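Residues 603 to 740, numbered by the working numbering, are exactly what the sequence shown covers, in order.
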Amino acid sequence: MVGLKLKGAKNNQFGREEVRYHHKSGDKILCPVRAARWIHRGARAFKTAADAPALSLQNGGITADEVATVIRRAAARLGFEPSRFSTHSVRIRGATALLNSGTDRLLIKLMGRWLSNAFEAYPVLSAKGSAGMSTRMC
Numbered sequence: 603m604v605g606l607k608l609k610g611a612k613n614n615q616f617g618r619e620e621v622r623y624h625h626k627s628g629d630k631i632l633c634p635v636r637a638a639r640w641i642h643r644g645a646r647a648f649k650t651a652a653d654a655p656a657l658s659l660q661n662g663g664i665t666a667d668e669v670a671t672v673i674r675r676a677a678a679r680l681g682f683e684p685s686r687f688s689t690h691s692v693r694i695r696g697a698t699a700l701l702n703s704g705t706d707r708l709l710i711k712l713m714g715r716w717l718s719n720a721f722e723a724y725p726v727l728s729a730k731g732s733a734g735m736s737t738r739m740c
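Okay, structure coming up:
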């Protein structure tokens, strides 16, 4: 299990420190525990100060704008219109995947730090999400 300490988000107006815990996924690529180990190794290799964000640059933490730039570059390389992508795209796609997999809405809301049920308006039903639906209608 790994705990992620979260600070400073627009939906955290009082600056409370929050922690979200994730367990091993069993996936060789998308496992939060494996990712945390790699991040920790990188922080040690770059001699990141113990009180600094693990994912940081010389002048501090990585900003949302810097992450958005990386996402847009990746979208462009894949042939997509980069202006259609941002950091919010990751949240929206994450919520979509979780909803389509049948994850409880309260869990999505709490883990994603959603203050409202707005996340339910974003998702688009995917082919995977509707698999088996026709057999349930009979």
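Even glycine gets a Cβ: it sits at the ideal position worked out from N, Cα and C.
For clarity, every value in this text was computed on a predicted model and none was experimentally measured.
For residue j and residue i, believed in contact at Cβ under 8 Å, the rounded distance
i, j, result
"I710", "A720", "Contact doesn't hold; Cβ gap of about 11 Å is too wide."
"A638", "V692", "Not really, about 17 Å apart at Cβ, beyond 8 Å."
"A647", "A656", "So it is not a contact: roughly 11 Å between Cβ atoms."
"R707", "E722", "7 Å"
Assigned secondary structure, residue i (DSSP; H/G/I helix, E/B strand, else coil)
i, result
"K626", "coil"
"G714", "coil"
"E619", "coil"
"L644", "Note on residue identity: the sequence assigns Gly, not Leu, to residue 644. Correct three-state label for G644: helix."
Under 8 Å between C-beta atoms of residue i and residue j
i, j, result
"S688", "I673", "yes"
Segment limits, alpha helix (DSSP H) that includes residue i
i, result
"L700", "T689 to N702"
"R686", "Looking at the DSSP string, R686 is not in any alpha helix (DSSP H), and its letter there is neither H nor E."
"D653", "First-last for D653: undefined, no H or E at that position."
"I673", "A666 to R679"
Pairwise C-alpha distance: residue j and residue i
i, j, result
"G662", "Y724", "32 Å"
"G617", "L700", "27 Å"
"E620", "L717", "14 Å"
"W640", "L712", "26 Å"
"R679", "K630", "24 Å"
"L659", "T671", "15 Å"
"H642", "R636", "10 Å"
"K607", "R675", "28 Å"
The beta strand (DSSP E) enclosing residue i, as first and last residue numbers
i, result
"G605", "V604 to L608"
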